[in-house]
Amino acid sequence: MAQSFTPAPWPRKLRSQEWYGGNSRDTIYHRGWLKNQGYPHDLFDGRPIIGIMNTWSELTPCNGHLRELAEKVKAGIWEAGGFPVEVPVFSASENTFRPSAMMFRNLAALSIEETLRGQPIDGCVLMVGCDKTTPSLLMAAASCDVPSIVVTGGPMLNGSFRGERVGSGTHLWKFSEAVKAGEMTQDDFLEAEQSMSRSTGTCNTMGTASTMASMAEALGMALSGNAAIPAVDSRRRVMAQMSGRRIVQMVKDDLKPSDIMTKEAFENAIRTNGAIGGSTNAVVHLLAIAGRMGVDLTLDDWDRCGRDVKTIVNLMPSGAYLMEEFFYAGGLPVVIKRLGESGQLHKEALTVSGQTIWDEVASVRNWNEDVIRPADRALTDQGGIAVLRGNLAPKGAVLKPSAASAHLLTHRGRAVVFEDIDDYKARINDEALDIDETCVMVLKNCGPKGYPGMAEVGNMGLPPKVLRKGVTDMVRISDARMSGTAYGTVVLHTAPEAAAGGPLAVVQSGDMIELDVPNRRLHLDISEAELTARLAAWTPRHEIATSGYAYLHQTHVEGADTGADLDFLKGCRGNAVGRDSH
Ligand code: FES
1 MAQSFTPAPW
11 PRKLRSQEWY
21 GGNSRDTIYH
31 RGWLKNQGYP
41 HDLFDGRPII
51 GIMNTWSELT
61 PCNGHLRELA
71 EKVKAGIWEA
81 GGFPVEVPVF
91 SASENTFRPS
101 AMMFRNLAAL
111 SIEETLRGQP
121 IDGCVLMVGC
131 DKTTPSLLMA
141 AASCDVPSIV
151 VTGGPMLNGS
161 FRGERVGSGT
171 HLWKFSEAVK
181 AGEMTQDDFL
191 EAEQSMSRST
201 GTCNTMGTAS
211 TMASMAEALG
221 MALSGNAAIP
231 AVDSRRRVMA
241 QMSGRRIVQM
251 VKDDLKPSDI
261 MTKEAFENAI
271 RTNGAIGGST
281 NAVVHLLAIA
291 GRMGVDLTLD
301 DWDRCGRDVK
311 TIVNLMPSGA
321 YLMEEFFYAG
331 GLPVVIKRLG
341 ESGQLHKEAL
351 TVSGQTIWDE
361 VASVRNWNED
371 VIRPADRALT
381 DQGGIAVLRG
391 NLAPKGAVLK
401 PSAASAHLLT
411 HRGRAVVFED
421 IDDYKARIND
431 EALDIDETCV
441 MVLKNCGPKG
451 YPGMAEVGNM
461 GLPPKVLRKG
471 VTDMVRISDA
481 RMSGTAYGTV
491 VLHTAPEAAA
501 GGPLAVVQSG
511 DMIELDVPNR
521 RLHLDISEAE
531 LTARLAAWTP
541 RHEIATSGYA
551 YLHQTHVEGA
561 DTGADLDFLK
571 GCRGNAVGRD
581 SH
């Protein structure tokens, strides 16, 4: 066991006893009402009450099997002497929520934090899967600091279309570009639709869902091996049951997120993200989770820790395989072991198991060296997220080198500017658009405040007349995010964003832009005086919402460079009910 953690004495009085302990009028009120579900009296004897925080929703199809999986979690909790209560929580579906699921990550985190604090819950199982569900529940758990364990729903089975391995999202983008280029018919595209989603579960690429499942495991917040087990594999159900057993002991030991999610754990997660070729979305999510935990994590930590990490996991969108094959090869524990062997892991970091992360992975084996490559056959030697700075991104921007084209990593080109996503949609297919493959596409007003919600539109499709030449990549710059399933030489999260008056807001078509990834530079080639004059004359393109959640979001959301959380939600408020927590 890691030396920094000493289990609390057991038995002791848990917080749920403030509702259910004793025989006062209030206790009888709380206990009596719960008994209407048929619970015997002896279950209220002080045993840990475990909230199964379930993001199941039929409109979050990636999590559509979590009701069934929760039954296995419950079985584990009963077996270990706990008392499970399943609690449906806000479920931000990536593929349906408008204007963007990201706009609701913070709202979900807020509502779940208050649910955890305001209810008689001693510990919780975070049942997550789809992109935003994992960070939102981790943010809530961090702010409350109650013992918590993550159970993800697991990825879908491999997609397959006419003998070709088909990855969620990745092939949606590929096929749609092929249709635009005249290389695929619309009928074939329709036929491919069902082949992309063969089973329940999350996207089967190393997209954001798989990345965040991997981040949860690398942070130590999920049992080792959790991330890659396919949704329909019987071992996913075993994992759920084992996690149910484990959370009961975590409550007895008082093993909390603050014991696990330390700065070292975040550095382990950043390096793991580089090794798996993970999503750029992990940047904003980990910054936000760290912000809730009170851990001082910055964009510079991403560049510092990830810079020399080799991408060894050969999964789409950076590579060739899918999550099913990653699981068969040994999954994330093999990757973490490799980081440990190369001196890139804080081996003593504690996990939910009560063991160190190194203890968990030291004896695992790699069963397929084409899926999890040896270091000398890495997909890329610098697999981390590149953090760019310059007069176009004073507070930073990110790019994923492993998903970019090598020949574009150093590039100077003429800007073709789209003022917002509607402007882009209105003009991108226009044959008269003055653009070729040497240009730099610039998209504004798609950041956290601007879209609103920082939509995944940064990998904007190329103009058809460029695609028809067989060109598949161009430099693109925006303040938006990009789907973790997407690829390309795409500069994202540019901060400050255009809607907040960042320099991106004043780029004009015809300006020259220099991208220099090796030197981490993003430069708008105009004089300082010209830039200052343009910024002084700038006015916002869009009005801020005046009511509803959109108002709360737009008036309080922070920049992507610090995680795009709401400013008043940062920090750990603990689980005590009282004035300080509200
Ligand atoms: Fe839900 Fe990909 S859209 S996991």
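Numbering (the numbering used here), first residue to last: 1 to 582. Ideal placement from N, C-alpha and C gives every residue a C-beta, glycine not left out. The structure presented is a predicted model; accordingly, all values stated were derived computationally and were not measured.
Name the one or two DSSP bridge partners that residue 127 has. 54 and 151
My output table needs one value for residue 251: the three-state DSSP class, helix, strand or coil. helix
* Asked: Who sits around ligand 1, taking every residue whose Cβ is closer than 5 angstroms to one of its heavy atoms?
  -> 62, 94, 95, 130, 202, 203 and 209
Going by the CB atoms, is the gap between residue 482 and residue 456 shorter than 7 angstroms?
Yes. Within cutoff.
Practice task
Let me know if residue 122 comes out buried or exposed under the rule of 16 or more other beta-carbons within 10 Å of its beta-carbon.
Solution key: buried
| task | Could you work out which residue in 422, 45 and 73 is closest to residue 14 when comparing CA atoms only? | result | 45
message = Helix, strand or coil, according to DSSP, for residue 407 in the structure here?
response = helix
- Message: Contact between the stretch 492-504 and the stretch 529-549 is defined here as three or more beta-carbon pairs at a separation below 8 angstroms; is this criterion met?
- Response: Contact between the stretch 492-504 and the stretch 529-549 is present, because at least three Cβ pairs lie under 8 angstroms.
*Start and end residues, alpha helix (DSSP H) containing residue 209*: 208-219
_CA-to-CA distance, residue 101 to residue 485, given in whole angstroms_ = Taking the CA atoms as reference points, residue 485 sits about 16 angstroms from residue 101.
**Asked** Going by C-alpha distance, which of 495, 465 and 458 is nearest residue 480?
**Response** 458
- Straight-line Cα distance separating residue 170 from residue 182: Roughly 18 angstroms separates the two Cα atoms.
Quick one: which unbroken alpha helix (DSSP H) runs of 4-plus residues sit fully inside the stretch 43-114? Chain order, please. 66-79
Discussion item. At 3 residues or longer, what runs of the beta strand (DSSP E) sit wholly inside the stretch 144-206?
Written reply: 148-152, 159-161 and 164-166
Point to revise | Residue range of the beta strand (DSSP E) that includes residue 493 | key: Here the beta strand (DSSP E) through residue 493 covers 490-495.
task = Grab me the residues of residue 67's own chain with a C-beta within less than 6 angstroms of its C-beta, minus the 5 sequence neighbours each way, in chain order.
result = 56
If I measure Cβ to Cβ from residue 393 and keep anything under 7 angstroms in the same chain, skipping five residues before and after, which residues do I get?
494, 495 and 522
Take residue 319 as the anchor and find which of 403, 339, 363 and 388 has the nearest alpha-carbon.
Cα-wise, what sits closest to residue 319 is 403.
Fill in: Distance CB(residue 228)-CB(residue 331) smaller than 7 angstroms
Contact: yes.
- prompt: Where do the N-terminal and C-terminal ends of the alpha helix (DSSP H) with residue 394 fall, by residue?
  reply: Run containing residue 394: none in the alpha helix (DSSP H); it sits in the beta strand (DSSP E), 393-399.
**Report entry** Rounded C-alpha distance that separates residue 454 from residue 442
**Finding:** Rounded to the nearest angstrom, the two C-alpha atoms are 15 angstroms apart.
>> Just verifying my parser: in three-state terms, what is the DSSP assignment at residue 456?
In response: Coil.
Can you pull the DSSP bridge partners for residue 556?
Answer is none; residue 556 lacks a bridge partner.
(message) Is it buried or exposed, residue 141, if we count other Cβ atoms within 10 angstroms and call 16 or more buried?
(response) buried
On the criterion of 16 or more Cβ atoms from any shown chain inside 10 Å, does residue 363 qualify as buried, or is it exposed? exposed
| Sheet register partners of residue 138 (DSSP bridge) | Looking at the DSSP assignment, residue 138 forms no beta bridge with any residue, so it has no partner.
Specify, as a first and last residue, the run of the beta strand (DSSP E) that residue 475 falls within.
-> 475-478
Q.
Taking the straight line between their C-alpha atoms, what separation do you get for residue 300 and residue 389?
A. 10 angstroms
Query raised in the report: The beta strand (DSSP E) spanning residue 390 covers which residue range?
Result: From DSSP, the beta strand (DSSP E) with residue 390 extends over 386-390.
Suppose you measure from the CA of residue 461 to the CA of residue 18; what does that come to, to the nearest Å? Distance from the CA atom of residue 461 to the CA atom of residue 18, rounded to whole angstroms, is 56 angstroms.
Q: Measure the CB-CB distance between residue 516 and residue 396 and report whether it falls below 7 angstroms.
A: no
**Separation of residue 418 from residue 440, as counted between CA atoms** = Going by the C-alpha atoms only, they are around 11 angstroms apart.
Residues in its own chain within less than 6 angstroms of residue 244 by CB, not counting five upstream and five downstream?
-> 73, 76 and 77
Q. Opposite residue 321 in the DSSP bridges: which residues?
A. 315
- Task: Quick one: residues in its chain with C-beta nearer than 7 angstroms to the C-beta of residue 378, no 5 flanking neighbours on either side, listed in chain order?
- Result: 310, 311 and 312
* Asked: What separation, rounded to the nearest whole angstrom, lies between the Cα atoms of residue 276 and residue 328?
  -> 15 angstroms
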